[in-house]
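So the structure is just underneath, and the comments pick up after that.
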Amino acid sequence: MSASYSSLQKWLLLRSVSQKMLKLATENKWDELVEGEIEYVQLVESLSQEQFTADDACAPQIREVLRIVIENENEVKRLLNIRMEELKKLIKNGVQQNSLSSAYGNLSGVVLVPDAPTASQ
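For the sequence shown, the working numbering begins at 437 and goes up steadily by one.
The structure is reproduced here in structure tokens:
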């Protein structure tokens, strides 16, 4: 199948979805990004089944769309990596806080001073 107008329309739709995903990532709307990823993957799979040659009339336009999509995808990945590092820090802090709470929580109300009188004295 050669690249046709309908094929170009699919590529343009992919670019649009890609730009939407980049916008969501930039705005830290991670849940919406994950939801939109299904449409993106389906479009990529559909387009991967199509073949076109450099001689096709739409080839230059498709190349440009593909370049933009790849740039968008790289930026989304970069933003996702930043978010992943943020989440790792939050999880690490949460684990440390839980460890401290369980280690020192049972000492609540206990005075930790050498030779201090205990509550039973």
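Glycine included, every Cβ here is placed at the ideal spot set by N, Cα and C.
Presumed contact (8 Å Cβ cut-off) between residue i and residue j, rounded CB distance
{"i": "residue 458", "j": "residue 511", "result": "6 Å"}
{"i": "residue 494", "j": "residue 454", "result": "With 8 Å as the limit, residue 494 and residue 454 do not qualify as a contact, their Cβ atoms being about 18 Å apart."}
Per-residue burial, residue i [other beta carbons within 10 Å of its own, 16 or more giving buried]
{"i": "residue 516", "result": "exposed"}
{"i": "residue 559", "result": "This structure cannot speak to residue 559, because the chain is shown only from 437 to 557."}
{"i": "residue 450", "result": "buried"}
C-alpha gap between residue i and residue j, whole angstroms
{"i": "residue 551", "j": "residue 461", "result": "58 Å"}
{"i": "residue 438", "j": "residue 492", "result": "Residue placement at residue 438 cannot be trusted, given a pLDDT of 48 that sits under 50; what the coordinates show is reported in the next sentence. Distance between the alpha carbons of residue 438 and residue 492 is about 7 Å."}
{"i": "residue 477", "j": "residue 535", "result": "41 Å"}
{"i": "residue 482", "j": "residue 464", "result": "28 Å"}
{"i": "residue 558", "j": "residue 524", "result": "Residue numbering for the chain in the displayed model covers 437 to 557; residue 558 lies beyond these limits and cannot be assessed."}
{"i": "residue 452", "j": "residue 529", "result": "38 Å"}
{"i": "residue 479", "j": "residue 508", "result": "15 Å"}
{"i": "residue 456", "j": "residue 471", "result": "12 Å"}
{"i": "residue 448", "j": "residue 486", "result": "15 Å"}
{"i": "residue 537", "j": "residue 526", "result": "16 Å"}
{"i": "residue 519", "j": "residue 484", "result": "29 Å"}
{"i": "residue 498", "j": "residue 473", "result": "21 Å"}
{"i": "residue 488", "j": "residue 506", "result": "18 Å"}
{"i": "residue 521", "j": "residue 531", "result": "15 Å"}
Residue from the options with nearest C-alpha to residue i
{"i": "residue 466", "options": "528, 529, 513, 537", "result": "513"}
{"i": "residue 446", "options": "473, 520, 501, 496", "result": "501"}
Any non-hydrogen atom of the ligand ADP closer than 8 Å to residue i Cβ
{"i": "residue 524", "result": "As far as ligands go, the structure on display features none, and thus does not contain the ligand ADP."}
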